[in-house]
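Trainee: Structure provided below as structure tokens; questions to follow.
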Amino acid sequence: SDMYFYPKVAAERVHLSGMRAQITVPVLDFPIPGAHNADEALHNGIELFNDLAHHPRIKIAFGPHAPYTVGDENLEKVRVMADELDAMIQMHVHETAFEVEQAVEQHQERPLARLNRLGMLGPRFQAVHMTQISDADLALLVESNTSIIHCPESNLKLASGFCPVERLWQAGVNVAVGTDGAASNNDLDLLGETRTAALL
1 SDMYFYPKVA AERVHLSGMR AQITVPVLDF PIPGAHNADE ALHNGIELFN DLAHHPRIKI
61 AFGPHAPYTV GDENLEKVRV MADELDAMIQ MHVHETAFEV EQAVEQHQER PLARLNRLGM
121 LGPRFQAVHM TQISDADLAL LVESNTSIIH CPESNLKLAS GFCPVERLWQ AGVNVAVGTD
181 GAASNNDLDL LGETRTAALL
């Protein structure tokens with residue numbers, strides 16, 4: 001999966017490479033390269049989704065960046081669009097203890113609980129990082145059949161905590177491996193990432 005700016009360009013490169021990929025369209029409350037606002041990002045994502053709807057190797061997903069960069073209104077728009085298109089949603093969630101603490105202060109609930117309240121969680125939701133998991137969080141993940149993307153090297157570099165993979169596996173949660181991105185990892189080596197995950 002790739003979630004970064006200019007998803008159309010990424011999709012073109014993937015098509016030429018012969019690889020299989022999920023291209024995730026980033027959505028934030030503020031301007032990003034390629035989109036002046038969340039509505040434009042969603043419009044671009046819908047257009048790309050329709051253009052590649054029958055591509056044998058490329059799937060388009062929607063990527064509201066994180067609970068602290070996307071408000072309830074735009075999360076609702078993403079959820080509705082993903083439901084209509086039967087598209088995946090990928091989001092950075094519970095990456096750090098500070099993120100969770102700040103959310104509790106501002107919203108009186110943990111980010112995962114907020115996402116559940118908004119109807120975001122489910123088999124099509126991919127929660128990236130999840131280093132902070134309470135018993136209530138784990139119950140939500142299991143009940144909703146949400147998948148986790150474990151990014152061990154990024155979490156090590158940023159000293160942001162560890163995803164409790166064994167605990168998730170024991171509970172029956174699907175866990176995949178990711179890199180988070182070169183800026184917070186230094187590379188995009190999935191095999192190296194898997195090795196690090198095994199060592200942890």
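Counting in full-length UniProt numbering, the sequence shown runs from 1 upward without gaps. Note that beta-carbon positions come from the ideal geometry of N, C-alpha and C, so glycine has one too.
1) Which whole runs of the beta strand (DSSP E) in the stretch 5-92 are 3 residues long or more, in chain order?
2) Can you tell me whether H107 is helix, strand or coil according to DSSP?
3) What number of angstroms, rounded off, separates the C-alpha of P111 from the C-alpha of W169?
4) What does the alpha-carbon distance come out to for the pair A139 and N116?
5) Does the Cβ of H129 have 16 or more other Cβ atoms within 10 Å, making it buried, or fewer, making it exposed?
6) With 16 other CB atoms within 10 Å as the buried threshold, where does V25 fall?
7) Would you kindly work out how many angstroms separate the C-alpha atoms of L188 and D180, rounded to a whole number?
8) Shortest alpha-carbon distance to H92 belongs to which of T194, H55, S154, D39?
9) What do you reckon, are the CB atoms on A198 and H150 nearer than 8 Å?
10) Closer than 7 Å by C-beta to V100: which residues in its own chain qualify, once you throw out the five before and the five after it? Chain order, please.
11) How is the alpha helix (DSSP H) around S144 delimited, first residue to last?
12) Give me, in chain order, the residues of the same chain whose beta-carbon lies closer than 7 Å to that of L121; leave out the 5 immediate sequence neighbours on both sides.
13) From T96, G192, I23, pick the residue whose C-alpha is nearest to that of L158; which is it?
14) On the three-pair Cβ rule with 8 Å, is the stretch 52-63 touching the stretch 80-90?
15) How far does the beta strand (DSSP E) with V173 in it reach, from first residue to last?
16) If you check the beta carbons only, do A11 and I46 fall under 8 Å apart?
17) What residue range is occupied by the uninterrupted beta strand (DSSP E) comprising S154?
Mentor: The answer reads as follows:
1) Here the runs fully enclosed are 21-27, 58-64.
2) H107: helix per DSSP, three-state reduction.
3) Rounded to the nearest whole angstrom, the C-alpha separation of P111 and W169 is 21 Å.
4) Straight-line Cα distance between these residues: approximately 11 Å.
5) With 16 or more Cβ atoms within 10 Å of its Cβ, H129 is classed as buried.
6) Burial is judged here by how many other beta carbons sit within 10 angstroms of a residue's own beta carbon; V25 has at least 16 and is buried.
7) Those two C-alpha atoms are separated by around 8 Å.
8) Comparing Cα positions, the closest option is S154.
9) Not in contact: A198 and H150 (Cβ atoms no closer than 8 Å).
10) Excluding positions up to five away in sequence, the list reads H94, R110, P111, Q132.
11) Counting along the chain, the alpha helix (DSSP H) containing S144 begins and ends at 135-144.
12) L115, L140, S144, T146, listed in sequence order.
13) Of the candidates T96, G192, I23, the one whose C-alpha sits nearest the C-alpha of L158 is T96.
14) By the criterion of at least three beta-carbon pairs nearer than 8 Å, the stretch 52-63 is in contact with the stretch 80-90.
15) For V173, there is no enclosing beta strand (DSSP E), as DSSP marks it with neither H nor E.
16) Contact flag unset, no.
17) No beta strand (DSSP E) contains S154, which is instead part of the alpha helix (DSSP H) from 152-158.
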